[in-house]
Structures are given as C-alpha cells and as structure tokens.
Amino acid sequence: MKTFWWAALGVGLSGICLGAALDVGKDAANEQVIQVTAQRFTFTPNEIVVKKGRPVVLEFSSLDFVHGFNIPSLKLRADLPPGQITRVRFTPDRVGEHPFVCDNFCGEGHEDMHGRIVVKE
Amino acid sequence: MMQRRDFLRLLGVGGGAVFASGLAGRALAEVGSNKKAGAYDDFYFVQLSDTHWGYKGPANPDAANTLKNAVAAVNALKTQPDFIVFTGDLTHTTDDAQERRRRLAEFRDIVSGLKVENVRFMPGEHDASLDNGAAYRELFGETHYAFDHKGVHFIVLDNVSDPGARIGDAQLEWMKADLSRQKKNAPIVVLTHRPLFDLAPQWDWATRDGAKAIEILMPYANVTVFYGHIHQEHHHRTEHIAHHSAKSLVFPLPAPGSQEKRTPLPWDSAAPNKGLGFREVEAEVEALRYRITELPVSAS
Numbered sequence: 085m086k087t088f089w090w091a092a093l094g095v096g097l098s099g100i101c102l103g104a105a106l107d108v109g110k111d112a113a114n115e116q117v118i119q120v121t122a123q124r125f126t127f128t129p130n131e132i133v134v135k136k137g138r139p140v141v142l143e144f145s146s147l148d149f150v151h152g153f154n155i156p157s158l159k160l161r162a163d164l165p166p167g168q169i170t171r172v173r174f175t176p177d178r179v180g181e182h183p184f185v186c187d188n189f190c191g192e193g194h195e196d197m198h199g200r201i202v203v204k205e
Numbered sequence: 220m221m222q223r224r225d226f227l228r229l230l231g232v233g234g235g236a237v238f239a240s241g242l243a244g245r246a247l248a249e250v251g252s253n254k255k256a257g258a259y260d261d262f263y264f265v266q267l268s269d270t271h272w273g274y275k276g277p278a279n280p281d282a283a284n285t286l287k288n289a290v291a292a293v294n295a296l297k298t299q300p301d302f303i304v305f306t307g308d309l310t311h312t313t314d315d316a317q318e319r320r321r322r323l324a325e326f327r328d329i330v331s332g333l334k335v336e337n338v339r340f341m342p343g344e345h346d347a348s349l350d351n352g353a354a355y356r357e358l359f360g361e362t363h364y365a366f367d368h369k370g371v372h373f374i375v376l377d378n379v380s381d382p383g384a385r386i387g388d389a390q391l392e393w394m395k396a397d398l399s400r401q402k403k404n405a406p407i408v409v410l411t412h413r414p415l416f417d418l419a420p421q422w423d424w425a426t427r428d429g430a431k432a433i434e435i436l437m438p439y440a441n442v443t444v445f446y447g448h449i450h451q452e453h454h455h456r457t458e459h460i461a462h463h464s465a466k467s468l469v470f471p472l473p474a475p476g477s478q479e480k481r482t483p484l485p486w487d488s489a490a491p492n493k494g495l496g497f498r499e500v501e502a503e504v505e506a507l508r509y510r511i512t513e514l515p516v517s518a519s
C-alpha cells in the first residue's frame, strides 16, 4: 500500500475536518494560499503548482453549483457549496502530479471539469 | 437447456456483442452453478446502455439514428429475449427541465417499438442527477426496485439521483432488507449505472458509497453486477462478485485511466458505430462436465 504522504486537513468555514491534524498556527506564515474558482465546467486555475514541504491551503469559491473536489490519489475530497469559501489543507512531501476532478455531476460539461496539482522542489 | 449461440450483429458491425455466458465462470454462468444451488430456468435478457438520446456532437454524427438502429437490431434477433434492460443514461443531460422531459419521452417512444414488452429501466446521471430523478420518476417510475425472473433475483440500484454518486443509507437499508429474504446461495443480479467499485475515481468512475453495497452483497454466494456508465466492456471482480460493464450506444470512451481526460473516442467514418454495442446475457444451467486425471500404471 502506498504511503499516505501528505498530511491532509480540509476545513470549510463550517469547521469540518477531513484529514489528519496539522498545526495550522505554527505553519500559517509558511502556507501557500491559492484561490481556486469552481464554475461550470472548469476549475480556475486548473493546474496548481505548489512547493514540496510547504503547507498548502486551497481556498475554493464555487459560483454556481455544489461542485466536488476530489484527488483520489491523496484521498482528499470536499464539497464546494456556493456562497462560502471551502478550504482544503495539505502538505506535499514528494514531487509529482495529482489529477483532481469534480465528482458532483454538474451538467453537460461535467466530464471536462478536471485539473491537476503539480508538486515541485 | 438453451442451446442457441446466436451471436449478435450490432448495427451491421460484427463482433459488437458480448455473449456473457461464454465468459466461462465469470458471467451469468455463475449466477447459479446448478439447479440444486438455486433452481432457475434457462433464459436470456438483453442489456443496452448509455443511449444518450439527445446528444449532438462530433463523437457520433449519426446519434439521431443509433438508438433506432439498436431497437431494430434487437427486434431482428431470431429468438427474442425474455426481457430487456437499459442501464442508464437513457438521455443526454440538459439544464432545461422541459427539454429533459422531452428527451425522456422521445426515448420512451422509440423503445416502445421493441417487440419485447418486458423492458426494465434505470436512470444514469445524465437523466437524473440535475433534478434528483424527478423527471425520470414522472416518466419511468421508481429509480430502484427488485424483481424476480425464472428463479433469479434482480436488484436495480440507483447511484445517480444523488449528484454526488451516493446510493444513500435509505436505499442500502432497502437492499439489505430485500436480500434478507433471499437464500445465501440464491442467484442474484444487480443492475446499476455506475460501477460499484472504484474503477477510475479520477474520472468519476465510481460510486461514493459503493463499498457499502458490495459489503451487503458479499455474504451472497452468487452475485453478478451489470452496469453501464463507462461506455465500454469491462470485467472486474470484488472477491467472488463479478462486475461487467456494457458498451454504449452513442460513443465509446477510452480505457479507464488511460489518459488525462475521459474524452470520447473520435468517430471513425470508415467504421461507423465502432466501439458501440449491446449484449445478451444468458442464464443457463451449467452443463455436466467431466474432470479427467491421467494416472501412471505403477504407484509412485
């Protein structure tokens, strides 16, 4: 079984934790905060480049639907309700690429709503 | 015993059909390995899937005719099936609720031309996810149900009315209660749209709580799942449970996870309908077999 190599924490404004604990306060100054817009049928940006070893906060704003954000290879997912910011936190510790997908069926272009996270040194 | 080996010619293209009982030990042949395990009579049914009525695009420039041709092809079978099942995505999705109903009604009108009167339906996400199955239920009835046919118990599962691809606890409880009335060796067939296992979750080819359904099915010895969604033939096992996806009747999709996006395979004008098809599934009592072991003259 693959080592689960990202310490993961997803937090919406509702305060729901999705993954393992992370000392947010300690690493806050070092965080890579990236705003992502979800809108039928794209994520913007749909290629997210992050640095290995630095905590990442993805701040999702959904404009039109409860889109889903799912990175199966990292076992990270969240629903993205419109009208609020949904935060997904993790710390990448290995260089690589991880595809993500909207996994809440949102219409005719749903199959095109993809993206990827690229982890670099 | 049913002896027919009448492989289908699909829409004029040979080799488009799967004769599931020919998959020795993998498909419906294992629904019941013998009469004693769960007595049933031989029969066969036809599975059609992912017709996407209303689709207009380059992946199938002949989409206005493909479903009609499939109906004609099924009607032309020498021996008509006991029943026909459509495993979802009857129509192509639309945001317009009125247009959705119009497409569902047109689909219903076209398939009413099937000679076989016993036709079973279920929704796909294109039919049901944007309105939680409301239009589908108006025209076709319940999205999950069970029925029996000649000793085989069929369960139709809805994993699409929730846009998040959940079966949901209420439906899982219903299935559990339904199964509780079956013997552990009863022949059981599950019909659904999405794969119940994580085939390619990076392409949304999964059911979010499919593992719960498989767990409920696991105590039953003779379970086979037929599904659609992925627009191609695919065979998989979760322990003793076999899962068989069907081809589409609009456009084929690439092999699971083989590329970044699940874009349709391009239409081949030199070979129209390539990659499209439907299948017949035959439930037959396993033939008497002899196991032969060769032995030497002298004991060693």
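Protein chains in written order, with this note's numbering: chain X, 85 to 205; chain C, 220 to 519.
For each residue, glycine too, the CB sits at the ideal point set by N, CA and C.
These numbers come from a predicted model, not from an experiment.
Original post:
Taking the continuous alpha helix (DSSP H) assigned at Lys395 of chain C, which residues delimit it?
Top reply: Asp388 to Leu398
Subject >> Contact set between the segment 476-497 of chain C and chain X, restricted to residues whose Cβ is under 8 Å from the partner >> reply: Glu479, Lys480, Arg481 and Thr482
Original post:
For Glu131 of chain X, which residues in chain C fall below 9 Å Cβ to Cβ?
Top reply: The contacting residues do not exist; Glu131 of chain X stays about 11 Å from chain C at best.
Original post:
So with Cβ pairs under 8 Å, would you call Thr512 of chain C a contact of chain X?
Top reply: no
Original post:
With contact counted as at least three CB pairs below 8 Å, one residue from each stretch, are the segment 473-486 of chain C and the segment 321-331 of chain C in contact?
Top reply: no
**OP:** Determine, using beta carbons only, whether Asn188 of chain X comes closer than 8 Å to chain B.
**Re:** Included in the structure are the protein chains X and C, with no chain B among them.
**OP:** Could you please tell me which residues of the segment 428-440 of chain C, in chain order, have their CB closer than 9 Å to any CB of chain X?
**Re:** none
**OP:** Go ahead and pull the three-state DSSP assignment for Arg245 of chain C.
**Re:** Because the pLDDT at Arg245 of chain C is just 31, under 50, the model does not fix this residue reliably, and the value given afterwards should be weighed accordingly. In the structure shown, the three-state DSSP call for Arg245 of chain C is coil.
Subject >> Whole-angstrom distance between Asp428 of chain C and Arg413 of chain C, CA atom to CA atom >> reply: 11 Å
**OP:** Report all residues from its chain with a CB closer than 7 Å to the CB of Val134 of chain X; omit the five preceding and five following residues, and keep chain order.
**Re:** Gln116, Val140, Pro176, Ile201 and Val203
**OP:** Please name the residue or residues paired with Phe470 of chain C in a DSSP beta bridge.
**Re:** In the DSSP output, where bridge partners are listed per residue, Phe470 of chain C has none listed.
Original post:
So, helix, strand or coil for Trp422 of chain C, using DSSP?
Top reply: helix
Original post:
To the nearest whole angstrom, what separates the beta carbons of Asp367 of chain C and Asn337 of chain C, a pair I think is in contact under 8 Å?
Top reply: Contact doesn't hold; Cβ gap of about 12 Å is too wide.
**OP:** Mind checking who Asp367 of chain C pairs with in its DSSP beta bridge?
**Re:** C:His372
Original post:
Could you give the distance in angstroms between the alpha-carbon of Leu418 of chain C and the alpha-carbon of His448 of chain C?
Top reply: Each residue's CA atom was taken as its position, placing Leu418 of chain C and His448 of chain C some 11 Å apart.
**OP:** Taking only beta carbons into account, state which residues of the segment 377-390 of chain C come closer than 8 Å to chain X, listed in chain order.
**Re:** Val379, Pro382, Gly383 and Ala384
Original post:
Based on Cα-Cα distance, which residue from X:Gln123, X:Thr121 and X:Gly152 lies nearest to Trp422 of chain C?
Top reply: X:Gly152
**OP:** Decide yes or no for the touch test of the segment 396-412 of chain C against the segment 355-373 of chain C: beta carbon pairs closer than 8 Å, at least 3 of them.
**Re:** yes
**OP:** Mind listing the chain C neighbours of Asp148 of chain X? Cutoff is C-beta to C-beta under 9 Å, in chain order.
**Re:** Per Cβ cutoff of 9 Å: no residues; Asp148 of chain X is ~11 Å from chain C at best.
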